[in-house]
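*Asks:* Handing you a structure now.
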Amino acid sequence: MNSVILRTATRLLIGLLLLFSVFLLLRGHDLPGGGFIGGLVAASAIALYAIAEGFERAFALLRVRPRTLIGVGLSAAVTAGLLAAVAGDVFLTGLWWVREFEAFTLKLSTPLLFDVGVYLVVVGVVLTMLFSLEEH
Amino acid sequence: MSWLVIAPILLPLAASAVAFVLHRRPALQRGWALATTAATLAASLALLAEVSRGGIVATTLGGWPAPFGITFVADHLSAILVVVGAVMALATAAYALADVDAGREGLGYHPLFLVLVAGVHGAFLTGDLFNLYVWFEVLLIASFALLTLGSGRAQLEGGVKYVAVNLVSSLFFLAAIGLTYGLTGTLNMADLAGALRDAPPNLVTLLAMLFLVAFGIKAAIFPLFFWLPASYHTPPTAVAAYFAGMLTKVGVYALLRAFTLLFTGDVAWTHGVLAVLAGFTMVVGVLGAAAQNEMRRILAFHIVSQIGYMILGLALYTPLALAGALFYLVHNVVAKANLFFVAGLVRRVAGSSDLDAVGGLYRHRPWLAIGFLVPAFALAGFPPLSGFWAKLLVVLAGLEAGAWLLVVLALGTGLLTLYSMTKIWQRAFWAPAPEGLELRRDAPAAMVVPVAALAGVTILMGVAVEPFLALAQAAAAEMMDPARYVAAVLGEGGTP
C-alpha cells in the first residue's frame, strides 16, 4: 500500500510497539502481560510495517525466517524447563537469580526465559501465517 | 525417576524445536526424526520396565505438589500405550524417509510429526484433566497441519471435516471440564476419583455422558465416527498410518481412563450405554467397510469397527474384559497401521490402491502379499496371530458376563472383517492384473522394513502371547483398583 500517512505513522509507531511488546513481556510475571500478548504486539508491529512498506522490506527488517524464530523460541522454552535438571529439581521448576544494584533489583529466572521463548514462538507463528498468505 | 515419566514427551518436543531450526536441511531433519523416535522408544521401554518393577510412577511439574501442580502418571496402561506410540512413531519416521516428498518436508513435516508424537504421549501420561485437554489440542493442531500439508483438494476437504468435528469434540470436553471444576473444585484425576464419589450422583452421570461424547468423537465410536472415513484416506501414507494407529486410540485411552478411574459410581448405567454403543460401532463400521472399494477407505471403516471391540471390553468392566480391551488396542494399532503401510506400498508399486485398478500382486510381488496377509489375517482374528487372542479375550469376557447378544455381534463382525480382507486379497493380489497395469520398480527398503518389523510384532504377539498378556492383566488389575492410582499420585494418605 502506498500511503504517505501510513508510512510516516508506521515509522513512529513501530518503535513504540516493539518497546511496548518488550514491556508487556517483562511485566507479565506478576501483572497482566507476558510472552504471548507481547509476541502478538511485536508481530502486529512487523505486520504494520509489512503493510506500509511491503513484504520484502519487512522480511529484510526481520533478518531471520519466521520459522527459525519458532524453533529458537521452542528451544528456549524447553531449555528453561530443562535447566531445572542442573539444580536437581523436576522439569519446569522455577530457578531465580536475584542481584541487588543501587538503583534497581535485577531478577533473572527460568520463567522469564520460558516467556521469552513463548514470545519468539508467537512472533514466528503469526509472521509465518502472514507471509504465507502474502505468497498466495 | 521423575524425569523418566516425562521423557517420552520431552524428547520429541525438544527435538521438534531443533527440527524447526533445521528447516532448510531436509536430509538432516529426516535422520534427526528417526534418531529422536528411536530414543523415545528406548525411554518408553525404560519407563515400562520401571512401572513393571516398582509400580505406578508419578511426578508433578515445577515441584508443585499434587493436586495443585500438573501431575504426570505412568501406570501399566499409560506405559504400555506410550511404548506402542513410540514403536509406531519409529516405524512412521522410517517409512517417511521414502514416502514424504520434498515439498511437504519443506513445509515442516518432520517438526510437526514430532510435535504430534509429543502430544500423543502427553495425553497418555498426564494425570490432570485440563492438561489432557491441552495435549488433545497439541495433537489436534499438529495433526491438522499434517493432514492438509501440501494442500491437495481432497486433502483440504478431508481436513476441514476432520478439524470441524474435532473442534466440536473439544468444545464438549472443555464444557465438561468447566462443569467438573465447578462441581468438585479440582481437575487432578486422582483427586477427582474421590471428589466425584461425594458429588450428587445424577450430576456425575451427566458429566460422564458429556465426557463420553467428547472422547467418543475422538475415538470414532457410533454414531460419531463419520469424520474418520472422510479424512483418513487423503494424506500421505506415513501420516495416515500413524493417524489410523494412534489418534483414535488416544480417544479410547481417555475413555478407558475416565470410565475406570472417574465414573465408576453408576456402572450399570454408564457402562450399559457403552455396551450399546460398542455393539453399534462394531456392526456399522464393518458394514460400511463392506461397501467400499478403495483399500485405504476400507481400512478406515475397519478402524471404526475395531474400536467397538475395545469399547466392548471397557463396557463389560471385568479384569478379563479390560485386559482384552487393552490387548485388542495394542494388536489393532500395530496391525492397522501396518495395513496402511502395505496400502501405501501397493500404491507405490502399482500406482493405485483402488481395487478396480490393481491386481496380480501375489504373482509378481509375493513378499508384498505376505506383508499384507499377516496384519489382515490378524485383524480378522486368525490363530496364531495377535488378533486371535485379542478377540478370544473379549469374547471370553463377554461369555463370562452373559452378554450373549454382544458376543454374537462380535463374532459376526469378525466374519465380516474376514470378508473385507479377503476382498482386498482376492482382488488386489489374486485376480489377474488388469490390462495395461505396469508394476513399477521394487519398493524402497525404508518402506519395506517397517512393514516387516510390524508384521514381526503381530506374529510375536500371537506366538509368544504370555508376556504381553501378563502386562495387559497387570494394567487391568490397576484399572479395576483405582485406589492404587490415587495413592501413587496423592500419597498413601490420599482419600481414594
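These protein sequence lines map, in sequence, to chains Z and V.
Residues in the first sequence are numbered from 52 upward in steps of one, following my numbering.
Residues in the second sequence are numbered from 51 upward in steps of one, following my numbering.
Backbone N, C-alpha and C define an ideal beta-carbon position, used for all residues, glycine too.
Quick caveat: nothing in here was measured; it's all calculated off a predicted structure.
Between Leu95 of chain V and Val133 of chain V, what straight-line distance do the alpha-carbon atoms span, to the nearest angstrom?
*Replies:* 6 Å
*Asks:* Roughly how far, in whole angstroms, is the beta-carbon of Ser126 of chain Z from the beta-carbon of Val71 of chain V, given that I think they are within contact range, below 8 Å?
*Replies:* The Cβ separation is near 7 Å, so the contact holds.
*Asks:* Does the beta-carbon distance from Gly338 of chain V to Pro279 of chain V come in below 8 Å?
*Replies:* yes
*Asks:* Determine, using beta carbons only, whether Phe87 of chain Z comes closer than 8 Å to chain V.
*Replies:* Not one chain V Cβ lies under 8 Å of Phe87 of chain Z.
*Asks:* Count the other CB atoms within 10 Å of the CB of Val513 of chain V; is the residue buried (16 or more) or exposed (fewer)?
*Replies:* exposed
*Asks:* Mapping the DSSP letters down to three states, classify Arg116 of chain Z as helix, strand or coil.
*Replies:* coil
*Asks:* In the DSSP output, what is Glu207 of chain V paired with across the bridge?
*Replies:* Looking at the DSSP assignment, Glu207 of chain V forms no beta bridge with any residue, so it has no partner.
*Asks:* Output yes or no for whether 8 Å exceeds the beta carbon distance between Phe142 of chain Z and Leu111 of chain V.
*Replies:* yes
*Asks:* Are the beta-carbon atoms belonging to Leu189 of chain V and Gly169 of chain V less than 8 Å from one another?
*Replies:* Result yes, Cβ atoms of Leu189 of chain V and Gly169 of chain V sit closer than 8 Å.
*Asks:* For the beta strand (DSSP E) containing Phe122 of chain V, list its first residue and its last residue.
*Replies:* Thr121 to Ala124
*Asks:* What residues of chain Z sit near Ser355 of chain V, judged by a beta carbon separation below 8 Å?
*Replies:* What Ser355 of chain V touches in chain Z: nothing, since even the nearest Cβ is about 38 Å away.
*Asks:* Are Asn238 of chain V and Gly177 of chain V closer than 8 Å when you measure CB to CB?
*Replies:* Against a cut-off of 8 Å, the Cβ pair of Gly177 of chain V and Asn238 of chain V comes out as a contact.
*Asks:* For the candidate residues V:Gly329, V:Tyr359 and V:Gly506, whose alpha-carbon lies nearest to that of Phe455 of chain V?
*Replies:* Note that residue 455 of chain V is Leu in the sequence shown here, rather than Phe. The residue with the shortest Cα to Cα distance from Leu455 of chain V is V:Gly329.
*Asks:* Identify the contact partners of Val71 of chain V in chain Z, using a Cβ-Cβ distance below 8 Å as the criterion.
*Replies:* Thr119, Gly122, Val123 and Ser126
*Asks:* Any residues in the stretch 58-69 of chain V with a beta carbon nearer than 8 Å to a beta carbon of chain Z? Which ones, in chain order?
*Replies:* Leu60, Leu63, Ala64, Ser66, Ala67, Val68 and Ala69
*Asks:* Can you look up Asp178 of chain V in the DSSP assignment and give me helix, strand or coil?
*Replies:* strand
*Asks:* Could you list the residues in the stretch 136-155 of chain Z with a C-beta less than 9 Å from some C-beta on chain V, going in chain order?
*Replies:* Ala136, Asp140, Val141, Phe142, Leu143, Thr144 and Gly145
*Asks:* Decide yes or no for the touch test of the stretch 380-387 of chain V against the stretch 505-525 of chain V: beta carbon pairs closer than 8 Å, at least 3 of them.
*Replies:* yes
*Asks:* Restricting to Cα atoms, I'd like to know which of V:Leu274, V:Ala93 and V:His73 is closest to Lys211 of chain V.
*Replies:* V:Leu274
*Asks:* Please specify which runs of the alpha helix (DSSP H), each continuous and at least 4 residues long, are wholly inside the stretch 70-145 of chain Z, giving them in chain order.
*Replies:* 86-104, 106-113 and 117-137
*Asks:* Can you tell me whether Met180 of chain Z is buried or exposed, with buried defined as 16 or more other CB within 10 angstroms of its CB?
*Replies:* Met180 of chain Z should be labelled exposed.
*Asks:* Count the other CB atoms, across all protein chains shown, that sit within 10 Å of the CB of Ala124 of chain V; report buried if there are 16 or more and exposed otherwise.
*Replies:* That one is buried.
*Asks:* Between V:Phe186, V:Gly452, V:Val424 and V:Arg490, which lies nearest to Ala264 of chain V when the distance is taken from Cα to Cα?
*Replies:* V:Phe186
*Asks:* Per the DSSP calculation, Trp148 of chain Z is bridged to which residue(s)?
*Replies:* Z:Leu159
*Asks:* Using only CA atoms, which one of V:Phe174, V:Ala240, V:Leu449 and V:Phe223 lies nearest to Leu260 of chain V?
*Replies:* Of the listed residues, the one whose Cα sits closest to Leu260 of chain V is V:Phe223.
*Asks:* Is there contact here, the stretch 143-155 of chain Z with the stretch 80-97 of chain V, by at least three beta-carbon pairs under 8 Å?
*Replies:* These segments do not touch.
*Asks:* To the nearest angstrom, how far is it from the Cα of Gly544 of chain V to the Cα of Phe180 of chain V?
*Replies:* Reliability fails at Gly544 of chain V, whose pLDDT of 48 lies under 50, so the model's placement of it is uncertain and the value that follows must be treated cautiously. Roughly 21 Å separates the two Cα atoms.
*Asks:* Can you give me the C-alpha to C-alpha distance between Pro62 of chain V and Ala88 of chain V, rounded to a whole angstrom?
*Replies:* 10 Å
*Asks:* Where do the N-terminal and C-terminal ends of the beta strand (DSSP E) with Ala88 of chain V fall, by residue?
*Replies:* Not the beta strand (DSSP E): Ala88 of chain V falls in the alpha helix (DSSP H), residues Pro76 to Gly104.
*Asks:* Could you name the residues of the stretch 111-123 of chain V whose beta carbon sits closer than 8 Å to any beta carbon of chain Z, in the order they occur along the chain?
*Replies:* Leu111, Gly112 and Gly113
*Asks:* Under 8 Å between C-beta atoms, does Ile361 of chain V make it to chain Z?
*Replies:* No, no contact with chain Z.
*Asks:* Exposed or buried, what is Arg346 of chain V when buried is set at 16 or more other beta-carbons lying within 10 Å of its beta-carbon?
*Replies:* buried
*Asks:* Using a Cβ-Cβ distance under 8 Å, would Val129 of chain Z count as near chain V?
*Replies:* yes
*Asks:* Below 8 Å on the Cβ atoms is my guess for Ile353 of chain V versus Thr298 of chain V; work out the distance and round it to an integer in Å.
*Replies:* Right, the Cβ-Cβ distance comes to about 6 Å (below 8 Å), so this counts as a contact.
*Asks:* Which residues in the same chain as Ala144 of chain V place their Cβ atom closer than 7 Å to its Cβ, once the five residues preceding and following it in sequence are excluded?
*Replies:* Leu84, Ala496, Val499 and Pro500
*Asks:* Which residues share a DSSP beta bridge with Gly404 of chain V?
*Replies:* The sequence given here places Asp at residue 404 of chain V; Gly does not occur at that position. By DSSP's assignment, Asp404 of chain V forms a beta bridge with V:Glu344.
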